[in-house]
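Sequential numbering from 1216 applies to the sequence shown in this note's numbering. Cβ atoms here follow ideal geometry from the backbone N, Cα and C, with glycine treated the same way. Quantities reported herein were computed from a predicted structural model and do not represent experimental measurements.
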Amino acid sequence: MLNGKTAVVTGGGSGIGKATALKLAADGANIVVVHMDPEEKAAAVIEEIEALGVKAKAIRMDVSDFSAVEGMIGDIVAEFGSIDILINCAGITKDGLIARMKEDQFDAVISVNLKGTFNMIRHCTPVFMKQKHGTIVNVSSVSGLIGNPGQANYSTSKAGVVGLTKSTAKELVSRGVRCNAVAPGFIATDMTANLSKNNKLVDMIPMKRMGTADEVADLIFFLASDASSYITGEIIKVDGGVAI
Ligand code: NAP
1216 MLNGKTAVVT
1226 GGGSGIGKAT
1236 ALKLAADGAN
1246 IVVVHMDPEE
1256 KAAAVIEEIE
1266 ALGVKAKAIR
1276 MDVSDFSAVE
1286 GMIGDIVAEF
1296 GSIDILINCA
1306 GITKDGLIAR
1316 MKEDQFDAVI
1326 SVNLKGTFNM
1336 IRHCTPVFMK
1346 QKHGTIVNVS
1356 SVSGLIGNPG
1366 QANYSTSKAG
1376 VVGLTKSTAK
1386 ELVSRGVRCN
1396 AVAPGFIATD
1406 MTANLSKNNK
1416 LVDMIPMKRM
1426 GTADEVADLI
1436 FFLASDASSY
1446 ITGEIIKVDG
1456 GVAI
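This is the structure in structure tokens:
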């Protein structure tokens, strides 16, 4: 049980992040949702989490802002007493072919998906080192493992998350900190809303369907909990077989 632990979930206002926040809360963890959603949407998510009997708070914050993230982590520790679990789920896409990709399209995706994940890990690390424990789960993508046409920026950011996960795992293992990543395939969320009716795409998936946010959250929950206490530096696919 995660009773009394505090989990910070970026991108926790929707999709995979929201499903993860609810699973962690159902097991007793207090939850901080870091999001960029409209306040009313985040407030509804917090209400759902609180209904599970835990403390919850939403913070509207751009994870790509290094110093703002530093201040936020300090505020969370002051209010919640600790951060035990960090789930880096915030992410964006700005797809386009390389020949036409604009500089800001590339920079924006790297900033949120890769630098945002680094910023959160960077500022949680002193907290974890002081506590001598902490669990990090990053959200990569099969796109970062095998590439995807039209996603040079996104694939690069998610491949970067793989390197970041492995370096963090090696660097912090002696401090009692584990760091792993999940690599989802095609998951039905707002991010893929325009893909879900693409039958050709669904046909490419060996399981012949898109995954659900809950199926990814189950894996994140496993990696965040003591059930995976001997696992660190792993990247686990949850993709219906698409990247076999
Ligand atoms: P989603 O519903 O769009 O969730 C992404 C969340 O991140 C949204 O709540 C979004 O807020 C938030 N966010 C975006 N930019 C942010 C920023 N700068 N600071 C803080 N929060 C920010 O999509 P999802 O599918 O659940 O995606 C979750 C993660 O899974 C992402 O990292 C994504 O790359 C990864 N992933 C998804 C799939 C898939 O098929 N869906 C596959 C592989 C990997 P707004 O809604 O306000 O933008």
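query = Would the beta-carbon of C1394 fall within 9 Å of that of T1383?
reply = yes
key: Runs of alpha helix (DSSP H) lying entirely within the segment 1331-1357, each at least 4 residues, in chain order   = 1331-1346
message = Is C1304 near ligand 1 - that is, is its Cβ less than 8 Å away from at least one heavy atom of it?
response = yes
message = Distance check for L1312 and F1321, CA to CA, integer angstroms please.
response = 11 Å
Which of helix, strand or coil DSSP assigns to I1291 = In this structure, I1291 counts as helix in the three-state DSSP scheme.
Reference A1222, options A1428, I1298, Y1445, closest by Cα = I1298
task = Starting from I1435, trace the alpha helix (DSSP H) both ways and give me its first and last residue.
result = That run of the alpha helix (DSSP H) goes 1428-1439.
query = Just reading off the beta strand (DSSP E) that I1302 is part of, what are its end residues?
reply = 1300-1303
ask   = Taking DSSP as the reference, what is the three-state secondary structure of N1368?
value = Three-state result, N1368: helix.
ask   = Got a sec: does ligand 1 put a non-hydrogen atom nearer than 8 Å to the Cβ of V1377?
value = no
key: R1390 to R1275 span [Cα, whole Å]   = 30 Å
request  = Take the Cβ of A1293 as the centre, count every other Cβ of all protein chains shown within 10 Å, and call the residue buried at 16 or more, exposed below.
outcome  = exposed
ask   = Cβ of G1365 within 8 Å of any heavy atom in ligand 1?
value = Relative to ligand 1, even the nearest heavy atom lies 8 Å or more away from the CB of G1365.
ask   = Are the CB atoms of A1234 and V1357 nearer to each other than 9 Å?
value = no
ask   = Nearest-angstrom Cα distance between K1452 and V1431?
value = 9 Å
request  = Please classify V1247: does DSSP put it in a helix, a strand, or coil?
outcome  = strand
request  = Taking only the alpha-carbon atoms, compute the straight-line gap between L1387 and G1349 and give it to the nearest angstrom.
outcome  = Each residue's Cα considered, the two are about 9 Å apart.
ask   = Cα-Cα, which of A1259, E1255, L1410 is closest to A1236?
value = Here the closest residue by C-alpha is A1259.
inquiry  = Less than 8 Å separating the Cβ of H1250 from some heavy atom of ligand 1?
reply    = yes
inquiry  = Do V1224 and I1302 have their beta-carbon atoms positioned less than 9 Å apart in this structure?
reply    = yes
ask   = Taking the continuous beta strand (DSSP E) assigned at I1451, which residues delimit it?
value = Its beta strand (DSSP E) spans residues 1450-1453.
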